[in-house]
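What follows is a single structure, written as structure tokens, with notes after it.
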Ligand code: EPU
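Numbering (my numbering), first residue to last: 815 to 1233.
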């Protein structure tokens, strides 16, 4: 088993390059299946375990997948011959649900095992199913798999009951080849929703309005291969911004879209840090004292739920009281117990973490209970006195590419050990 070992107390300095967005890439790769002609060459793909999982699933369906380099894949979906996505890889990850929308639109049928993913609360897919049914599909769930069939797909007006990233993207994908113009309302506006829409349009789809409350998808005859580059990862960038503040460092986070980081920048500035925006970078520094803040997670453009756990690690050493209210997931504070093992003072009441800032954290053996909890532990380890060992880091590897190398380049004392 691998673990991360961190000797805390080093000030992070320098520049770090952010890679492509995980939550965009994990939708774009399944969507590449819709191209019935030509190859998709997709770059700026993060080199993470969730992407490796998707590569294996694409191969199992009959795609030809070539790795051009660590961040570029060529996918030829011309000869997909298996519509049954029921492997361990499909069960392991959340984003495998995008194969339902992609296979449905191209082949009008599929069998896809129900997705897994981080244990952060109940993760229903009723809104995805509601959208597929509105387009004319029949859906049954049998032996843990979604079985979906349609004679034909026809455009529909769909109003989502909850704002869901996954349902918005999945139904947008499914509507690309449906006859007529589908209107999706109460949709998610995250940067990765817009990125997937741009990818579909580059393949020949006609998707308008992504990034606003209403998306319109006019069905086209077919989609074909294309060249595409994934947007930078808002969450990886946010994690490094927080780490810079946590170590009172001076870090330039490069290859980002500063607009996507505004809610995070605003919170760090409210705490007393300085964030200077460049064209495609942000520089994060701290001079004076930091103060506690309240954070409420919300769909984009609100503060991202995926960044609240790293934020909790930082707030654990900031003087005063801070509150983190999680409005998306019902159980996303498991990292609190792990931070408390390091001396933090966090109480969880319902979906709110109440943090009383302590003087400093002390290294301990802690667990990455999920992906972003793992990032929180890394930040805690960087701030703590002495040695921190983080186990179950396979969660971190699902979403952060080469995390220890990136932090080491900024001056952290962090290494991966196999035991
Ligand atoms: N929801 C429903 N029904 C549905 C779908 C969602 O009730 O059919 C609810 C969920 O239970 C949740 C809320 O709607 O309370 C939002 O869920 P959403 O569908 O937006 O989440 P997701 O698509 O499953 C993606 C990211 C998550 C990120 C959320 C919110 C991927 C693969 N995952 O999940 O990322 O937290 O959006 O932004 O894109 C992560 O990267 O660490 C991560 C968990």
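The beta-carbon is built from N, C-alpha and C at its ideal position, and this holds for glycine as well. A quick note: this is a predicted structure, and the numbers were derived from the prediction, not measured.
Kindly give me the distance between the Cβ atoms of residue i and residue j, rounded to whole angstroms, as I take these residues to be in contact under 8 Å.
i            : j            : result
residue 1081 : residue 1107 : 6 Å
residue 1226 : residue 1196 : 6 Å
residue 1056 : residue 1193 : 6 Å
residue 836  : residue 1047 : 6 Å
residue 996  : residue 970  : 6 Å
residue 1191 : residue 1223 : About 20 Å separates the two Cβ atoms, so there is no contact after all.
residue 817  : residue 1210 : That pair is no contact at about 10 Å.
residue 863  : residue 1212 : 5 Å
residue 822  : residue 1053 : So it is not a contact: roughly 17 Å between Cβ atoms.
residue 978  : residue 941  : 5 Å
residue 1136 : residue 1171 : 7 Å
residue 1177 : residue 1199 : 6 Å
residue 949  : residue 968  : 7 Å
Looking only at its own chain, which residues have a Cβ that is under 6 Å from the Cβ of residue i, when we skip the five neighbours before and after it?
i            : result
residue 876  : 893, 894, 895 and 896
residue 1097 : 1066 and 1090
residue 1009 : 838 and 1045
residue 806  : Limits of the chain in this structure are 815 at one end and 1233 at the other, which puts residue 806 out of reach.
residue 921  : 897
residue 1020 : 1032 and 1034
residue 1182 : 1188, 1191, 1204, 1206, 1207, 1209 and 1210
residue 1150 : 1160, 1162 and 1167
residue 999  : 973 and 1028
residue 905  : 927 and 930
residue 1001 : 982 and 1029
residue 1088 : 1099
residue 1221 : 1228
Pull the bridge partners of residue i from the DSSP assignment, please.
i            : result
residue 1227 : 821
residue 1095 : 1068
residue 1204 : 818 and 1180
residue 899  : 926
residue 1041 : 855
residue 1030 : 997 and 1022
residue 1046 : 834
residue 879  : 889
residue 954  : 961
residue 1169 : 1136 and 1160
residue 972  : 998
Excluding sequence positions up to five away, which residues of its chain have a Cβ less than 8 Å from the Cβ of residue i?
i            : result
residue 1115 : 1003, 1076 and 1077
residue 824  : 1061, 1196, 1225, 1226 and 1227
Buried or exposed for residue i, please, with buried defined as at least 16 other CB atoms from any protein chain shown within 10 angstroms of its CB.
i            : result
residue 976  : exposed
residue 840  : buried
residue 866  : exposed
residue 1012 : buried
residue 957  : exposed
residue 870  : exposed
residue 1027 : exposed
residue 1233 : exposed
residue 939  : buried
residue 1219 : exposed
residue 902  : exposed
residue 1120 : buried
residue 815  : exposed
residue 984  : buried
residue 884  : exposed
residue 980  : buried
residue 1102 : exposed
residue 1217 : buried
residue 1134 : exposed
Who are the Cβ neighbours of residue i in its own chain at under 7 Å, not counting the five residues just before and after it?
i            : result
residue 1110 : 1117, 1139 and 1141
residue 1070 : 832, 1046, 1051, 1094, 1095 and 1096
residue 1040 : 854, 1016 and 1017
residue 845  : 912, 916, 987, 1010, 1013 and 1014
residue 878  : 890
residue 918  : 924, 946, 951, 962, 964 and 988
residue 852  : 1038 and 1039
residue 1215 : 833, 860, 861 and 862
residue 954  : 961
(message) Contact between the region 1135–1150 and the region 1186–1198 is defined here as three or more beta-carbon pairs at a separation below 8 Å; is this criterion met?
(response) Touching, per the Cβ criterion.
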